[in-house]
Amino acid sequence: DPRVMYREQAKAEGLASGLALGMVCKGQAVGVIHLYTDEHHEFSRFELALLRAEASVAAAAIENARLYDESLQARDMERQLRLAAAVQRQMIPQKAPARAGLDLAGIYVPCLELAGDFYDYIDLPEGNLGIVVADVSGKGVAASLRMASTRATLRAQVGEVFEISSIMQRVNQAFCRDVDPEDLVTPFVSMFYGVLDTNKRRLTYVNAGH
Numbered sequence: 003d004p005r006v007m008y009r010e011q012a013k014a015e016g017l018a019s020g021l022a023l024g025m026v027c028k029g030q031a032v033g034v035i036h037l038y039t040d041e042h043h044e045f046s047r048f049e050l051a052l053l054r055a056e057a058s059v060a061a062a063a064i065e066n067a068r069l070y071d072e073s074l075q076a077r078d079m080e081r082q083l084r085l086a087a088a089v090q091r092q093m094i095p096q097k098a099p100a101r102a103g104l105d106l107a108g109i110y111v112p113c114l115e116l117a118g119d120f121y122d123y124i125d126l127p128e129g130n131l132g133i134v135v136a137d138v139s140g141k142g143v144a145a146s147l148r149m150a151s152t153r154a155t156l157r158a159q160v161g162e163v164f165e166i167s168s169i170m171q172r173v174n175q176a177f178c179r180d181v182d183p184e185d186l187v188t189p190f191v192s193m194f195y196g197v198l199d200t201n202k203r204r205l206t207y208v209n210a211g212h
C-alpha cells in the first residue's frame, strides 16, 4: 500500500495487514487506533464496526481524561490566584496609622482578585507620614506584580532620599528599566505621593499623572 510510510520497518516487525481508524469525539480528532496482523488479512465489516465502537469509547475516555486534567489545572490555578491575592492584600494597610488630631482612613476594593491599584502609609522620621495612592495599568497577575515592584521601589527610595520629586524620579527610572520594549501595550503607573508633617499639619506632595 503506497500510503504506508514505514514499509521496511513494518516488514521487519512482521506486519502484513493493518487497519487504521480515527478516534473522534464531538467532531474533534483525538487519536488513531491501529490494528495489525502478521498474516495477510482483509478486515470484515463486523471487524470494522467493532473497531469503530472501540474507537468511539476510547475517544470519549481520552476526552474525559483531558477535561478532568484541565479541571485540575484550573482548580490549581484558582488556588494560586487566591494565594497571590492574599499576599497582595497584605501589602495594603489593614488600618490607618493613629496620629493625634488627625482622622486617616482608606479603603481598597479591587474589581478583580488581583489588581494594580494600591495605597500605602509610610512612617518617616520626625513625625512625618508618607501617603501614596497609585494605579498600575492593566489587571490581573501582571498588574499585581508591577504593583508589588513599584511599592517596594518607592519604599526603598524614601529611606534614602528626602526630596520627594527626586524620589518620584527614581521610582520612574526603575519602572522604565523593567518595562519590556516588546510589550504590545506599554505599562505605566500613575501615582500621588505626599509627606504629611503631622506636627506642623503641612502636606508636601508630588503628583505623577494620578
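Numbering (this note's numbering), first residue to last: 3 to 212.
From the three backbone atoms N, C-alpha and C, an ideal C-beta is built for every residue, glycine too.
Three CB pairs or more closer than 8 Å across the region 197-212 and the region 143-155: no
Distance between Asn-130 and Cys-199 (C-alpha atoms, nearest Å): Residue 199 is actually Asp in this sequence, not Cys. Cα-Cα distance, rounded: 5 Å.
Residue environment, Tyr-8, which counts as buried when at least 16 other CB atoms sit within 10 Å: Exposed is the call here.
Residues sharing a beta bridge with Ser-192, DSSP: Asp-137
Proximity of Arg-153 and Val-138 at Cβ, strictly below 7 Å: no
Inter-residue Cα distance where the pair is Arg-54 and Leu-17: 21 Å
Inter-residue spacing [alpha-carbon to alpha-carbon] between Glu-41 and Ile-64: 31 Å
Pairwise C-alpha distance: Ser-73 and Val-181: 34 Å
In DSSP terms, what Thr-39 is bridged to: Ser-19
Beta-carbon gap between Ala-1 and Ala-100 smaller than 7 Å: There is no way to answer for residue 1, as the model of the chain reaches only from 3 to 212.
Exposed unless 16 or more other CB atoms sit within 10 angstroms - verdict on Ile-133: Looking at its Cβ environment, which holds 16 or more other Cβ atoms inside 10 Å, Ile-133 is buried.
Integer-rounded CB distance, given that Met-193 should sit under 8 Å from Ala-136: 4 Å
His-36 beta carbon less than 7 Å from that of Ala-22: yes
Proximity to Glu-128 [Cα-Cα], best of Phe-164, Leu-104 and Val-111: Phe-164
Candidates His-212, Lys-28, His-43 and Arg-77: closest to Met-170 by CA position: His-212
Identified DSSP bridge partners for Ala-210: Met-193
Delimiting residues of the beta strand (DSSP E) encompassing Ile-64: Counting along the chain, Ile-64 falls outside any beta strand (DSSP E), though it belongs to the alpha helix (DSSP H) covering 47-93.
Rounded distance between the beta-carbons of Gly-140 and Pro-183, thought under 8 Å: With 8 Å as the limit, Pro-183 and Gly-140 do not qualify as a contact, their Cβ atoms being about 17 Å apart.
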